[in-house]
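Peer 1: One structure, pasted below without further comment.
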Amino acid sequence: MGKSQPQSKSSHHPDLITTSEGLAALLSEFEAAPFLAIDTEFMREHTYYAQLCLVQISNGERAAAIDPLAAGIDLQPLWDLLVRTDIVKVFHAAHQDLEIFLKEIGTLPVPLFDSQIAAMVLGHGDQIGYDRLVRAMLKIDIDKTSRFTDWSRRPLSDRQISYALDDVIHLAAMYPMLSTELDQKGRVEWLADENAKLADPATYQTNPDDAWKRIKVRSMRPAPFRRMMHLAAWRETEAKKRNLPRNRVMRDETILDLAGSNPAKADDFGKIRNFPGGGNGKLVAPVLQVLKTVENMPDSTLPEAKIESRTARPPVAVMELLRVLLKHITDAEGIAPRLIASADELEQLALDDDAPVRAMSGWRYDVFGKAALRLKHGKTAMAVKGRHIRLIDIDE
């Protein structure tokens, strides 16, 4: 972990760990744990990379909050525990936590269990929030008063620490319940591909060449579109280097203005919307260099014009039937539709039986893909009886 600023104040909450000695004593209690529920508190408003401010951890019997900003604390024993492969690390909506741990530790704390993904497989809705899941499973309403805390400020209040600890206390209580239900319904393997994404370091890597995809663009001609792509890549690299949010380096609308107007000299920058420092700004020279580099590229590197819609659209009736089928099956199975197919994947499937979509392989094919093909080819019919849809096999 990078160096932290020494903190002169600390809370005296008994479950807040602020020393290496206290951390060692805590971790000795977790050595034999089969799982650890983990959560983090962090700040990201003023930086590109998240600043880790608190790590909460529970084995189901003991819960504690570890202060990574405490002066002199050695977190290496914690990192060593988290990368042990004989302990399942349990999170809720794990992506941001895992991104932080990958940066801090250099590897991911596998094996993983994400309660949000498990809940989707078990019929608790699409990307269910932690509060709603706790209410549904444990009948507990979470106190939200400390949600928007500045977690980097010290000392933390007892209320803040208790709020943070509740997250892992409830998560540790839900994990055995979710695991048991997954096992009983034979759906443990349904998590495999989602967990594989979470456990892949590439999931958390940002490629500057893809940074333009974050910018909302309706339509652009090829030449300005290429300039926009390269300016977005430059901004991404600059934001990482300076550890600043992207829009603190340069706003999206400024990049679009630059791409459209293509300024050739410093005086031209005074006309660019929200350009930092105008024509005298420090970014004039590097931006001019980016634009000059792009202008010297051969025409063969020009991207195709941005197209709003597909050249081929599936028949409306087929799309509607597939949507109804997906809703019918996922309601019956008690799973979130997004786990089976997105709207874009349904379009692809409507156009092509061999479309490279998730629904055409593994458990998704058994649950939905096979039925979707039968419906497309007239081997299954839909009927309404009362308030319910029925699928009827049609004899050849």
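If you count the sequence shown from 1, position 219 lands on 227 in my numbering, and the numbers rise without skipping.
Where a beta carbon is used, it is the ideal one built from N, C-alpha and C, also for glycine.
Count the other C-beta atoms from every protein chain shown that fall within 10 angstroms of the C-beta of S165, then say buried if there are 16 or more, exposed otherwise.
Peer 2: exposed
Peer 1: Let me know the secondary structure DSSP gives A72 once reduced to three states.
Peer 2: strand
Peer 1: At the level of alpha carbons, what is the spacing between A325 and S227?
Peer 2: 29 angstroms
Peer 1: DSSP three-state label for I81, please.
Peer 2: Coil at I81, not helix or strand.
Peer 1: By alpha-carbon positions, which one of M236, E39, T214, Q213 ends up nearest to I223?
Peer 2: M236
Peer 1: Only counting the same chain, and skipping five residues up and downstream in sequence, which positions put a Cβ closer than 6 angstroms to that of E244?
Peer 2: Cβ contact annotation for E244 (same chain, cutoff 6 angstroms, sequence separation greater than five): P216, A219, in chain order.
Peer 1: Please list, in chain order, all residues of the same chain as T388 whose beta carbon is under 8 angstroms from its beta carbon, the five residues on each side excluded.
Peer 2: Excluding sequence neighbours, T388 sits near A379, R382, L399, I400, D401, I402.
Peer 1: With a CB to CB cut of under 6 angstroms and the five nearest residues on each side skipped, what residues in its chain are close to D47?
Peer 2: Q64, D175, V176
Peer 1: Under 8 angstroms by Cβ, that's how I've got I169 and L35 pegged, so tell me the actual separation to the nearest angstrom.
Peer 2: About 19 angstroms separates the beta carbons of I169 and L35, which is beyond the 8 angstroms limit, so they are not a contact pair.
Peer 1: Starting from S66 and walking both ways along the beta strand (DSSP E), at which residues does that stretch end?
Peer 2: Counting along the chain, the unbroken beta strand (DSSP E) around S66 starts and ends at 59 to 66.
Peer 1: Between V98 and Y183, is the Cβ-Cβ spacing less than 8 angstroms?
Peer 2: Less than 8 angstroms separates the beta-carbon of V98 from that of Y183.
Peer 1: As a quick exercise: from M327, E261, D208, A267, pick the residue whose alpha carbon is nearest that of P230.
Peer 2: Answer by Cα proximity: A267.
Peer 1: What number of angstroms, rounded off, separates the C-alpha of I148 from the C-alpha of L179?
Peer 2: 12 angstroms
Peer 1: Which same chain residues end up closer than 7 angstroms to I315 when comparing Cβ atoms and leaving out the 5 residues on each side of it in sequence?
Peer 2: Because the pLDDT at I315 is just 43, under 50, the model does not fix this residue reliably, and the point stays unresolved.
Peer 1: Rounded to whole angstroms, what is the Cα-Cα separation between I113 and W87?
Peer 2: I113 and W87: Cα-Cα distance of roughly 6 angstroms.
Peer 1: Between G131, N288, Y57, H54, which has its C-alpha nearest H336's C-alpha?
Peer 2: G131
Peer 1: As an exercise, report each continuous beta strand (DSSP E) stretch of at least 3 residues that is fully enclosed by the segment 95 to 141, in chain order.
Peer 2: With a minimum length of 3 residues, the continuous beta strand (DSSP E) runs that stay inside the segment 95 to 141 are 96 to 99, 120 to 122.
Peer 1: Helix, strand or coil for H238? Go by DSSP, reduced to three states.
Peer 2: helix
Peer 1: Give the DSSP bridge partners of T388, in chain order.
Peer 2: D401
Peer 1: Thinking C-alpha only, which one of D105, I263, L190 is nearest A126?
Peer 2: Looking only at D105, I263, L190, the smallest Cα-Cα distance to A126 is reached by L190.
Peer 1: Let me check understanding here. Comparing Cα to Cα, which of L330, I343, L347 lies closest to E355?
Peer 2: For the options L330, I343, L347, the alpha carbon positioned closest to that of E355 is the one of L330.
Peer 1: Determine the burial state of R254: buried for a count of at least 16 other Cβ atoms within 10 Å of its Cβ, exposed for fewer.
Peer 2: Classification of R254: buried, given that the 10 Å Cβ count is 16 or more.
Peer 1: Looking at the C-beta of L164, does it have a partner C-beta in chain D at a distance below 8 angstroms?
Peer 2: Structure shown: chain D not included; a single protein chain is present.
Peer 1: Sorted by chain position, which residues of the same chain lie with C-beta nearer than 8 angstroms to Q309's C-beta, five sequence neighbours on each side aside?
Peer 2: Checking the sequence shown, residue 309 turns out to be Thr, not Gln. R234, listed in sequence order.
Peer 1: Taking only three categories from DSSP, how would you classify M51?
Peer 2: strand
Peer 1: Can you have a look at M390 and say buried or exposed, based on whether 16 or more other CB atoms are within 10 angstroms of its CB?
Peer 2: exposed
Peer 1: Nearest to P322 by alpha carbon, out of P119, L199, A351, A241?
Peer 2: A351
Peer 1: Count the CB pairs spanning the segment 336 to 346 and the segment 133 to 149 that are closer than 8 angstroms, and state whether there are at least three.
Peer 2: Three or more beta-carbon pairs drawn from the segment 336 to 346 and the segment 133 to 149 are found closer than 8 angstroms, and the two stretches are therefore classed as touching.
Peer 1: So A101 packs on L120, CB below 8 angstroms; how close in whole Å?
Peer 2: Not quite, the Cβ-Cβ distance comes to about 12 angstroms (not below 8 angstroms), so this is no contact.
Peer 1: If I measure Cβ to Cβ from F156 and keep anything under 8 angstroms in the same chain, skipping five residues before and after, which residues do I get?
Peer 2: none
Peer 1: Can you have a look at E29 and say buried or exposed, based on whether 16 or more other CB atoms are within 10 angstroms of its CB?
Peer 2: E29 should be labelled exposed.
Peer 1: Would D327 and W159 be called neighbours here (beta carbons separated by less than 8 angstroms)?
Peer 2: Reading off the sequence, residue 327 comes out as Met, not Asp. No, the Cβ-Cβ distance between M327 and W159 is not below 8 angstroms.
Peer 1: Excluding the five sequence neighbours on either side, which residues of its own chain have a C-beta within less than 7 angstroms of the C-beta of P85, listed in chain order?
Peer 2: L31, A32, L35
Peer 1: Distance check for A340 and H385, CA to CA, integer angstroms please.
Peer 2: 22 angstroms
Peer 1: Taking the straight line between their C-alpha atoms, what separation do you get for R318 and L359?
Peer 2: Only weak support exists for where R318 lies, its pLDDT of 43 falling under 50; the value from the coordinates is given anyway. In a straight line, the C-alpha of R318 is about 11 angstroms away from that of L359.
Peer 1: Can you list, in chain order, the residues of its chain whose CB lies under 6 angstroms from that of G287, leaving out five sequence neighbours each side?
Peer 2: A274, D275, F277, G278
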